[in-house]
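Below: the structure, in structure tokens.
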Amino acid sequence: MAFQKTYTFLAVLLAASISSSAFIAPSPSFTANTKSSLGAYTNGDTGITTSPAIPIARRGNVCKQNLPPSSMPNGGSITMVGSGPGDPDLLTMAAHKILADPDALVISDRLVSKEILDLIQGEYKIARKLPGCADAAQDEIYKWCKEGLDAGKRVVRLKIGDPFVFGRGGEEVLKFREFGVEPKVIPGVSAAFSAPLLGSIPVTHRGVSNQVVMCTGYGRNGTSPDLIQYHREQTIVFLMAVGRLRELCQRLINMAGYPSDTPVGIIQDAGCPTQRTVVGTMETIADIAVEYEIKAPSTIVVGEVVRVLLEDNSETGEQVVGLIQNMTASEV
12 MAFQKTYTFL AVLLAASISS SAFIAPSPSF TANTKSSLGA YTNGDTGITT SPAIPIARRG
72 NVCKQNLPPS SMPNGGSITM VGSGPGDPDL LTMAAHKILA DPDALVISDR LVSKEILDLI
132 QGEYKIARKL PGCADAAQDE IYKWCKEGLD AGKRVVRLKI GDPFVFGRGG EEVLKFREFG
192 VEPKVIPGVS AAFSAPLLGS IPVTHRGVSN QVVMCTGYGR NGTSPDLIQY HREQTIVFLM
252 AVGRLRELCQ RLINMAGYPS DTPVGIIQDA GCPTQRTVVG TMETIADIAV EYEIKAPSTI
312 VVGEVVRVLL EDNSETGEQV VGLIQNMTAS EV
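Taking this note's numbering, I'd label the letters of the sequence shown as residues 12 to 343.
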């Protein structure tokens, strides 16, 4: 009973305190000084920075009001679409829908699979990004996109894998902002993880690999990127690197400390009827790739996980090397 009286007294005291202080207005001088101080960092109302130092093409999505509109006055718009590794069944529903639009103008990468290109119902153009002429092809892509926007078309920029995983997606977003439009982005399934899976190579496996590193075979201006030092329980996935496979393996051995017998697997045309998987070691994989004429698009996996799901030769007991999976010769 005493506890209840004490509780009631405290509640009444708190209510009285609130009623006597809650409606005390700040002085005019305090309000003016506070707003002036905030104005040094914000616009004083919304908290949005007003600094004009950052070009509009390089502003992020923190504030939509700083970005160009999603469509131009003539109705032109652009959507970046990730096509995944190549299998149409791995496209998102949003990607399927926009590719089926007969009014869309699709600007596609060269390595997008035929199976996905066959889904396009409208006009499309394919950029011929061949080794040695990638920059010229990229300029051509921008030219086509700008022409489509100026004509008031719904432009679809179709890219292999995911646009933002070694796909220059960020660079293209900045360029499209210079054109005066903010692109919509539809993600795609990246080959970095889907290709190994489709080739029966888990990128992680308990007791074998507890970390995964994604790398590109080509840095800016064709340079070779820095290499991650060897760690036995580490998987490295290389995208866009099959063209310099031999050089890459030598650099991994000589500069990153990789044992020459480290397993290496390559998955070509992941998810497509022409998918092939070859395996070898750091020392042998380049010759194996030449023997089987492995070409882009291919995903390279380096590490002990390459052999986790492989069985040794039943007759000799030796590890299997060479072509281990050929979708062309099997039922898809």
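Yeah, the Cβ is synthetic: ideal placement off N, Cα and C, and Gly gets one too.
Practice prompt. Consult DSSP for isoleucine 299 and reduce its assignment to one of helix, strand or coil.
Written response: helix
Worksheet item: If you count every other CB in all the chains shown that lies within 10 Å of the CB of arginine 168, and 16 or more means buried, which is it?
Response: Buried: at least 16 other Cβ atoms inside 10 Å.
Discussion item. Can you look up lysine 154 in the DSSP assignment and give me helix, strand or coil?
Written reply: helix
Worksheet item: Count the other CB atoms within 10 Å of the CB of glycine 268; is the residue buried (16 or more) or exposed (fewer)?
Response: exposed
Practice prompt. Tell whether a beta-carbon distance below 8 Å holds between valine 224 and valine 312.
Written response: no
Discussion item. Please identify the residue among Leu128, Ile278, Ile152, Pro213 whose C-alpha is closest to the C-alpha of valine 184.
Written reply: Ile152
Worksheet entry | Rounded separation between lysine 108 and glycine 95 - CA only | Each residue's Cα considered, the two are about 15 Å apart.
Worksheet entry | Best match in Glu258, Asn221, Gln240 for proximity to glycine 228 [C-alpha to C-alpha] | Of the candidates Glu258, Asn221, Gln240, the one whose C-alpha sits nearest the C-alpha of glycine 228 is Glu258.
Discussion item. Less than 6 Å between C-beta atoms, sequence neighbours within five positions excluded: which residues of the same chain meet that for alanine 106?
Written reply: Val92, Ile197
Worksheet entry | Nearest-angstrom Cα separation, counted from leucine 321 out to glycine 178 | 31 Å
Fill in: Under the three-state DSSP convention, the category isoleucine 305 falls into
coil
Practice prompt. Look up glutamine 279 in the DSSP assignment and give the residues it is bridged to.
Written response: Arg287, Ser309
Discussion item. For lysine 164, list the residues DSSP reports as bridge partners.
Written reply: None; lysine 164 has no bridge partner.
Practice prompt. Name the two residues that bound the continuous beta strand (DSSP E) containing asparagine 337.
Written response: 333-337
Discussion item. Give the list of continuous beta strand (DSSP E) stretches no shorter than 3 residues that lie fully inside the stretch 96-150.
Written reply: 115-119, 134-137
Discussion item. Can you confirm whether the stretch 201-213 touches the stretch 274-292 when touching is taken to mean that 3 or more C-beta pairs between the two stretches lie within less than 8 Å?
Written reply: yes
Worksheet item: If you count every other CB in all the chains shown that lies within 10 Å of the CB of glutamate 4, and 16 or more means buried, which is it?
Response: No information on residue 4 is available, as it lies outside the stretch 12 to 343 that the chain covers here.
Practice prompt. From the DSSP output, in three-state form, read off isoleucine 247 for me.
Written response: The answer is strand: DSSP assigns isoleucine 247 an E or B state.
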